[in-house]
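In the order they appear, the protein sequences are chains D and E. Quick note on numbering: the first sequence equals residues 1 to 325 in our numbering. Quick note on numbering: the second sequence equals residues 1001 to 1325 in our numbering. Heads up, the beta-carbon is just placed ideally off N, CA and C, and yes, glycines get one too. Taking it in order: structure first as structure tokens, then the write-up.
There are 2 protein chains.
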Amino acid sequence: MPTIKDIAKIAGTSVTSVSRVLNNRGYLSEELKSKVFQAMEELNYQPNEVARSLQKKQSQIIGLIVPDVAHPFFGELTAAIETYAFSQGYKLLVCNSKLDSAKEIEYLHMLRASQVDGIIMGSHTMDVKEYLLVKQPLVTIDRKISDDIPYICSDNYLGGGLAANELVEKGCLRLAYIGGNTELDLLAKKRYDGFRDVLAKKDVWHTCMQTNTNGFDLNEYKQLAENLFSTYSEIDGVFASSDLIAAFILKECHRLNKLVPNHVKIIGYDDVNMSSIVTPELTTVRQPISLLAQKSVELIIDQVKEKEISKETIFPVSLVKRQTT
Amino acid sequence: MPTIKDIAKIAGTSVTSVSRVLNNRGYLSEELKSKVFQAMEELNYQPNEVARSLQKKQSQIIGLIVPDVAHPFFGELTAAIETYAFSQGYKLLVCNSKLDSAKEIEYLHMLRASQVDGIIMGSHTMDVKEYLLVKQPLVTIDRKISDDIPYICSDNYLGGGLAANELVEKGCLRLAYIGGNTELDLLAKKRYDGFRDVLAKKDVWHTCMQTNTNGFDLNEYKQLAENLFSTYSEIDGVFASSDLIAAFILKECHRLNKLVPNHVKIIGYDDVNMSSIVTPELTTVRQPISLLAQKSVELIIDQVKEKEISKETIFPVSLVKRQTT
Chain D
1 MPTIKDIAKI
11 AGTSVTSVSR
21 VLNNRGYLSE
31 ELKSKVFQAM
41 EELNYQPNEV
51 ARSLQKKQSQ
61 IIGLIVPDVA
71 HPFFGELTAA
81 IETYAFSQGY
91 KLLVCNSKLD
101 SAKEIEYLHM
111 LRASQVDGII
121 MGSHTMDVKE
131 YLLVKQPLVT
141 IDRKISDDIP
151 YICSDNYLGG
161 GLAANELVEK
171 GCLRLAYIGG
181 NTELDLLAKK
191 RYDGFRDVLA
201 KKDVWHTCMQ
211 TNTNGFDLNE
221 YKQLAENLFS
231 TYSEIDGVFA
241 SSDLIAAFIL
251 KECHRLNKLV
261 PNHVKIIGYD
271 DVNMSSIVTP
281 ELTTVRQPIS
291 LLAQKSVELI
301 IDQVKEKEIS
311 KETIFPVSLV
321 KRQTT
Chain E
1001 MPTIKDIAKI
1011 AGTSVTSVSR
1021 VLNNRGYLSE
1031 ELKSKVFQAM
1041 EELNYQPNEV
1051 ARSLQKKQSQ
1061 IIGLIVPDVA
1071 HPFFGELTAA
1081 IETYAFSQGY
1091 KLLVCNSKLD
1101 SAKEIEYLHM
1111 LRASQVDGII
1121 MGSHTMDVKE
1131 YLLVKQPLVT
1141 IDRKISDDIP
1151 YICSDNYLGG
1161 GLAANELVEK
1171 GCLRLAYIGG
1181 NTELDLLAKK
1191 RYDGFRDVLA
1201 KKDVWHTCMQ
1211 TNTNGFDLNE
1221 YKQLAENLFS
1231 TYSEIDGVFA
1241 SSDLIAAFIL
1251 KECHRLNKLV
1261 PNHVKIIGYD
1271 DVNMSSIVTP
1281 ELTTVRQPIS
1291 LLAQKSVELI
1301 IDQVKEKEIS
1311 KETIFPVSLV
1321 KRQTT
């Protein structure tokens, strides 16, 4: 039986290079791959699974669909996914769905028809039928679309509870939740469930405001923040489902001369960079963005390699106390 | 001579579909393309340039290299590039260089070896040699790396002058510029040149602080802001080369109980979303992000089509007066 050494000799390259080709590690030129594969054929070497999949001409490209890479959370998530994917030899095709179903469907067609090895879906579309037709490995973030497709998320329910506890402990009596539209069927809506359940136990009043299904419109966030305080002027605590929304609440408090945290306490979600740039710095529920990124890529690669994978991964969250509570 | 109608008939499809294939517009299935190309061959139809390039199996993928997609400016730029590229039938491969030359070079190798039709380089690397080896169409943003490679930027010099004028008009006497390292040889350093030249004419004192060459480190921005006021406590006006840096200056003013704009006036650059989310809202020099995005993609497509292109495109900027001046 031939060894890697034999292949290296025939291919006129080093054992390390052959091993890199067999394990698909680092940058591999087409020339090197072709020499190694020729040598393997000549020696009738039984390539392992990875080498075989390489010969199947994998693209080493992962497609990522997010609502908007300019949104702080999705920007940081995309950066982290790209960084980890690159370390594993993958490049990243990025699609901003902008919650435009037609664009998203067209993208999925292209991704399915062409050269991606897998798709990470971090989008908030209302239409998931098309995803069920995808043959490539798929991972969804913050959304469960079928029993077969693996999804990952942070512990949204726990995060909502942590926020409720903190606001009540700090003396708030009239609370508000502001977050995404529940019609979108995202797991993020559990942030509200956790918040509501803790408040019900403690018998504290609250109201709930939702973005429209189109989400991610900064003007809408501004409008929501204005509506909140004009409708409920006595609100003394707000839990927002993203740091970006929380920043708009903070801005509205400044405008109304409500002191934060004295008159109004605010908690965000995500812990993006922005949360510690605004003044006062936001208290927030921290999602482990780099772990989410790493796991989403691993789940694609494991599916490519036909490994067993877990269908559900829920990451723990923590409350980061800063200056708004 | 055969017409599009003849092709449609033979291919068993509509004239619109043939026209879409010939003009490479919208989503085109491999099946449709192959039927149309077969019909064209059968009829000996002389395909136009685009159809020919399609037959050359272009990937319809553009590679984009940016320092960090999580940075507000590059996040919004990436989103705008992706949106415009998609409208032109292109997908976007995104690479965060993180100013890591080794990673950037490895990326360029992959892009050159594989399937991208062109590369948009919005990176701040110190090492441009590798880019000169790229055979695909290339466009650089905010950096000129050779006489042959087209670049685009905003009118950095004018922007710096606008900022200086505004601060002096509003009564500032002791000014500071904080921006990227001039060793990086970016066109952005002209923001400082424009600022300095206006102040020299008006005989107003200023100091200049630079990030280290590694840039984009939020802790460094914080440190710079602290150093600025501990070294020059009498500073009453600051021009920052990005809104992100300006936000850190604003934060430091809050911490030191310096009122903005009463005690210190601040102007940023870019006009990213963040500039109107912080309180007070940032006065800033607006770059036309969507025009930059559109032009960068057009310059790639025009090169693919072997059209004449201009090597230099400088977009006008404007001062957006908000609450920090």
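Should residue i go down as buried or exposed, given a rule of 16 or more other Cβ atoms within 10 Å for buried?
| i | result |
| --- | --- |
| Asn-48 (chain D) | Interpretation of Asn-48 (chain D) is limited by its pLDDT of 47, a score under 50 that renders its predicted location unreliable; the figure taken from the coordinates is listed afterwards. Result: exposed. |
| Lys-183 (chain D) | The identity of residue 183 (chain D) in the sequence shown is Glu, whereas the question assumes Lys. It counts as exposed. |
| Ile-7 (chain D) | buried |
| Leu-54 (chain D) | Since pLDDT at Leu-54 (chain D) reaches only 46, below the 50 mark, its modelled position is unreliable, and the value read off the structure follows with that caveat. By the 10 Å Cβ count, Leu-54 (chain D) comes out buried. |
| Gln-60 (chain D) | buried |
| Pro-1137 (chain E) | buried |
| Thr-231 (chain D) | exposed |
| Thr-324 (chain D) | buried |
| Gln-1294 (chain E) | buried |
| Ala-1240 (chain E) | buried |
| Leu-199 (chain D) | buried |
| Thr-1211 (chain E) | buried |
| Lys-1321 (chain E) | exposed |
| Pro-1316 (chain E) | exposed |
| Gly-1171 (chain E) | exposed |
| Ser-1296 (chain E) | buried |
| Gly-1012 (chain E) | exposed |
| Gln-303 (chain D) | buried |
| His-1263 (chain E) | exposed |
| Lys-1265 (chain E) | buried |
| Ala-80 (chain D) | buried |
| Lys-1201 (chain E) | exposed |
| Glu-31 (chain D) | exposed |
| Lys-307 (chain D) | exposed |
| Leu-282 (chain D) | buried |
| Leu-133 (chain D) | exposed |
| Glu-1234 (chain E) | exposed |
Beta-carbon within less than 6 angstroms of residue i's beta-carbon, same chain only, minus the 5 sequence neighbours each way: which residues are those?
| i | result |
| --- | --- |
| Gly-122 (chain D) | Val-66, Ile-141 |
| Asp-1270 (chain E) | Phe-1073, Ser-1242, Asp-1243, Gln-1287 |
| Gly-63 (chain D) | Leu-93, Leu-111, Val-116, Ile-119 |
| Val-238 (chain D) | Ala-176, Ile-249, Ile-266 |
In chain order, what residues of the same chain lie with their CB nearer than 8 angstroms to the CB of residue i, ignoring the 5 residues before and after it?
| i | result |
| --- | --- |
| Tyr-1151 (chain E) | Val-1139, Thr-1140, Ile-1141, Asp-1142, Arg-1143, Lys-1144, Ile-1145, Leu-1187, Lys-1311, Glu-1312, Thr-1313 |
| Leu-1004 (chain E) | Leu is not the amino acid found at residue 1004 (chain E); the sequence shown has Ile there. For Ile-1004 (chain E), where only same-chain residues beyond five positions count, the Cβ hits under 8 angstroms are Val-1015, Val-1018, Ser-1019, Leu-1022. |
In the DSSP assignment, the beta strand (DSSP E) including residue i goes from what residue to what residue?
| i | result |
| --- | --- |
| Leu-1158 (chain E) | It is not in any beta strand (DSSP E) - Leu-1158 (chain E) instead sits in the alpha helix (DSSP H) that spans 1156 to 1169. |
| Leu-1064 (chain E) | 1061 to 1066 |
| Ile-1314 (chain E) | 1312 to 1315 |
| Met-209 (chain D) | 205 to 210 |
| Val-320 (chain D) | 318 to 320 |
| Ile-1178 (chain E) | 1174 to 1179 |
Take residue i and list the residues in its own chain whose beta-carbon comes closer than 7 angstroms to its own, dropping the five residues that flank it on each side.
| i | result |
| --- | --- |
| Glu-1082 (chain E) | Leu-1092 |
| Tyr-157 (chain D) | Lys-190, Asp-193, Gly-194 |
| Arg-1052 (chain E) | Annotation note: pLDDT 45 at Arg-1052 (chain E) (below 50); position unreliable, no value reported. |
| Asp-1068 (chain E) | Phe-1074, Asn-1096, Lys-1098, Phe-1216 |
| Ile-10 (chain D) | Ala-39, Glu-42, Leu-43 |
| Glu-1226 (chain E) | Glu-1252 |
| Cys-208 (chain D) | Tyr-177, Tyr-192 |
| Val-204 (chain D) | Val-168, Leu-173, Leu-175 |
| Ile-301 (chain D) | Gln-88 |
The ligand COA heavy atoms versus the CB of residue i: any closer than 7 angstroms?
| i | result |
| --- | --- |
| Tyr-1107 (chain E) | The ligand content of the structure shown is nil, which means the ligand COA is not present either. |
Taking the alpha helix (DSSP H) that residue i falls in, what are its first and last residues?
| i | result |
| --- | --- |
| Leu-326 (chain D) | No information on residue 326 (chain D) is available, as it lies outside the stretch 1 to 325 that chain D covers here. |
| Val-1285 (chain E) | Careful: Val-1285 (chain E) lies outside any alpha helix (DSSP H), inside the beta strand (DSSP E) at 1283 to 1286. |
| Arg-1143 (chain E) | Neither: Arg-1143 (chain E) is in no alpha helix (DSSP H) and is coded neither H nor E. |
| Gln-323 (chain D) | It is not in any alpha helix (DSSP H) - Gln-323 (chain D) carries neither H nor E in the DSSP assignment. |
| Gly-194 (chain D) | 190 to 202 |
| Ser-275 (chain D) | Per DSSP, Ser-275 (chain D) belongs to no alpha helix (DSSP H) and is neither H nor E. |
| Ser-34 (chain D) | 30 to 42 |
| Ile-4 (chain D) | 4 to 11 |
Give the residues of chain C in contact with residue i, contact being defined as C-beta atoms less than 7 angstroms apart.
| i | result |
| --- | --- |
| Tyr-27 (chain D) | Reference to chain C is not applicable here, since the protein chains of this structure are D and E. |
Taking only runs of the alpha helix (DSSP H) that begin and end inside the region 85 to 141 of chain D, which ones reach a length of at least 4 residues, in chain order? 101 to 113, 129 to 132
Residues of the region 1193 to 1222 of chain E whose Cβ lies closer than 7 angstroms to any Cβ of chain D, in chain order: Leu-1218
For the region 1232 to 1268 of chain E, list the alpha helix (DSSP H) runs that are entirely contained and at least 4 residues long, ordered along the chain. 1243 to 1255
Please identify, using Cβ separations under 7 angstroms, the residues of the region 1249 to 1272 of chain E that lie next to chain D, in order along the chain. Lys-1251, His-1254
Please identify, using Cβ separations under 9 angstroms, the residues of the region 63 to 79 of chain D that lie next to chain E, in order along the chain. Gly-63, Leu-64, Asp-68, Val-69, Ala-70, His-71, Pro-72, Phe-74, Gly-75, Glu-76, Leu-77, Thr-78, Ala-79
Listed in chain order, which residues of the region 274 to 289 of chain D have Cβ atoms closer than 9 angstroms to some Cβ of chain E? Met-274, Ser-276, Ile-277, Val-278, Thr-279, Pro-280, Glu-281
Between the region 1090 to 1103 of chain E and chain D, which residues of the former have CB atoms less than 9 angstroms from a CB of the latter, in chain order? Lys-1091, Leu-1092, Leu-1093, Val-1094, Cys-1095, Asn-1096, Lys-1098, Lys-1103
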